[in-house]
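Asker:
In our numbering, the protein residues as written are -14 to 458.
(1) Quick check on this structure: which residue in 369, 197 and 76 has the alpha carbon closest to the alpha carbon of residue 399?
(2) Let me check understanding here. Comparing Cα to Cα, which of 404, 382 and 339 lies closest to residue 351?
(3) Are the stretch 73 to 91 and the stretch 111 to 127 touching by the rule of at least three beta carbon pairs closer than 8 Å?
(4) Starting from the C-beta of residue 368, find all residues in its chain whose C-beta is less than 8 Å away, skip the five residues before and the five after it, and write them out in chain order.
(5) Mind checking residue 73: buried by the 16 CB within 10 Å criterion, or exposed?
(6) Could you tell me whether the Cβ atoms of residue 361 and residue 296 are closer together than 8 Å?
(7) Please state if the CB of residue 298 and the CB of residue 333 are separated by a distance shorter than 8 Å.
(8) With a 10 Å radius around its C-beta and 16 neighbouring C-beta atoms as the bar for buried, classify residue 443 as buried or exposed.
(9) So, with DSSP's three-state summary, where would you put residue 110?
(10) Could you pull the start and end residues of the alpha helix (DSSP H) that residue 43 belongs to?
(11) Shortest alpha-carbon distance to residue 216 belongs to which of 86, 61, 90 and 428?
(12) Give me the Cβ distance between residue 149 and residue 180, rounded to the nearest whole Å; I'm assuming they're in contact under 8 Å.
(13) Quick one: does the C-beta of residue 405 sit closer than 7 Å to a heavy atom of the ligand SAM?
(14) Leaving aside the five residues before and after residue -13 along the sequence, list all residues of the same chain whose C-beta is less than 6 Å from its C-beta, in chain order.
(15) Can residue 118 and residue 139 be called in contact, C-beta distance under 8 Å?
(16) Going along the chain, which residues of its own chain have a beta-carbon closer than 6 Å to the beta-carbon of residue -3, five neighbours each way excluded?
(17) If you follow the alpha helix (DSSP H) that residue 400 is in, where does it begin and where does it stop?
(18) Quick one: Cα of residue 416 to Cα of residue 224, how far?
(19) Can you say whether residue 270 is buried or exposed, counting buried as having 16 or more other CB atoms within 10 angstroms of its CB?
(20) Report all residues from its chain with a CB closer than 6 Å to the CB of residue 92; omit the five preceding and five following residues, and keep chain order.
(21) Quick one: Cα of residue 36 to Cα of residue 336, how far?
(22) Compute the Euclidean distance between the alpha carbons of residue 24 and residue 238, then round it to the nearest angstrom.
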């Protein structure tokens, strides 16, 4: 059994640990062995602490023997995203400026997961300062897609998604501003949830009021993703936008009948985000699955006029707030695209920010009206399939040239502006074997409904059960 532990879903693993069918030490060792075997091919985990993980596992086993009350993630190994602070373990942000940075505190998310029994393995790779949806940086290099190691794993939670797909860990944390949980999930045939802003509180942080970037969970199944959300979610007084709903709300069976569900499908987000034909060739047949589950499907999309400019304005402003001081002190150490993002933020005027704020308010009221008529919106997660890992970004999308590393991410980041939950669920493969995800988008705060719909679709299709074949060391 230990040889197959890395293949188990987190819920199954947790149940076996509680029954004492396996120990936490066996579980951690099985994942460390898997990491040694296949991580060189994907470069998903970039910092590793085997001794610390095994020591923590021994303590977890001792607690079980003593009959202590077990937390929900008892004995589950996890590596944290390398933008999330980990006390006593370096957090590099993928930047040479922080290559040796060892924080003296944990992010709130990291603290919650460890208090819930998760065992820290190490850190997962990210783009430099999490900028972009392709994971490469000058500190650790490029993370590669487990289904085709010549291709991108996505980003910025690309190391997390690749680690899940490759069996290096059963759960993963991440964050999402413009698709950083959803795009890598789509590229790596796993599940990623961008929760409603405030669902998962953030601390410490720069702009405590920021609702564009949100922490969130990833898993190999929707149920595992909900389990992790149940630990991440819940209010914290240090997060002023935190929602009061307790995390335990999501630690429930997700089974739900979809008959009568009013579903809108948009292949291109109302013309704002055209997708490549090979993406749509995978996704459009999935609509029949949902119809067979009883959904009533229309082709429709909320009005997203102005969403693109709004996202780019707010994003540039956030880059100036977060990284502007580094531009002044260490400009040469930043990659050119980050310099451009910060400089764009510094060129913004009061009128630019006023327009973005007003537009976002209009879009939010529009999405409320849209979800008074529909229960769910479906769209592509990514407009492209996993692209050449040697490229910084795809050079064209749907036959149109791209001009920046953001241009191919519209199908994800236009949804970010709306402040709604969005879930990437495996939806199949291209003829060449590349994964494609379907985006389940819900009304504000309807995170549980989105998870339930994604779970029903997942159970009907089982696309996520197809695992990659990787070379072993």
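Using N, Cα and C, we set each Cβ at its ideal position, and we do this for glycine too.
Please read all numbers here as calculations on a predicted model, not as lab measurements.
Answerer: On the basis of the data shown:
(1) 197
(2) 404
(3) yes
(4) 258, 259, 260, 261, 264, 382, 383, 393, 394, 395 and 396
(5) exposed
(6) no
(7) yes
(8) buried
(9) coil
(10) 35 to 51
(11) 61
(12) Not quite, the Cβ-Cβ distance comes to about 18 Å (not below 8 Å), so this is no contact.
(13) Questions concerning the ligand SAM fall outside what the structure shown contains, since it holds no ligand whatsoever.
(14) Note that residue -13 has pLDDT 40, beneath the 50 cutoff, so the model's placement of it is unreliable and the number below is only indicative. Correct list, in chain order: 11 and 15.
(15) yes
(16) none
(17) 395 to 401
(18) 45 Å
(19) exposed
(20) 69 and 70
(21) 54 Å
(22) 33 Å
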